[in-house]
Amino acid sequence: MKIEPAIFDETDDAAEAAADARAEADISAGRVISHEAVSRWLKSWSDGAPTPAPQSGD
Numbered sequence: 014m015k016i017e018p019a020i021f022d023e024t025d026d027a028a029e030a031a032a033d034a035r036a037e038a039d040i041s042a043g044r045v046i047s048h049e050a051v052s053r054w055l056k057s058w059s060d061g062a063p064t065p066a067p068q069s070g071d
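14 is the number of the first residue of the sequence shown in this note's numbering; add one for each residue after it.
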């Protein structure tokens, strides 16, 4: 019996490298959101007073 690969078993090395390069460029340019900012935002949901989503640099 031949095992068929799952759809997620296929890799596209070029696409992964391009995605990594874009992510590294975002980090280098400061286009990131801190874990603390995201945590505060998510906590605001449970507090019943949701705040706007954090922005790059928060």
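For glycine and all other residues, C-beta sits at the position ideal for the given N, C-alpha and C.
query	result
If you measure between the beta carbons of Ala62 and Trp54, is that distance less than 8 Å?	no
Rounded to whole angstroms, what's the CA-CA distance from His48 to Thr64? Just pull it up for me.	16 Å
Between Asp71 and the rest of its own chain, which residues show a CB-CB distance below 7 Å, the 5 nearest in sequence each way excluded?	Ile46, Ser47, Ala50
Which residues mark the beginning and the end of the alpha helix (DSSP H) in which Ala38 is found?	26 to 41
Using beta carbons (cut-off 8 Å, strictly below), is Ala28 in contact with chain C?	Absent from the structure: chain C. Only one protein chain is present.
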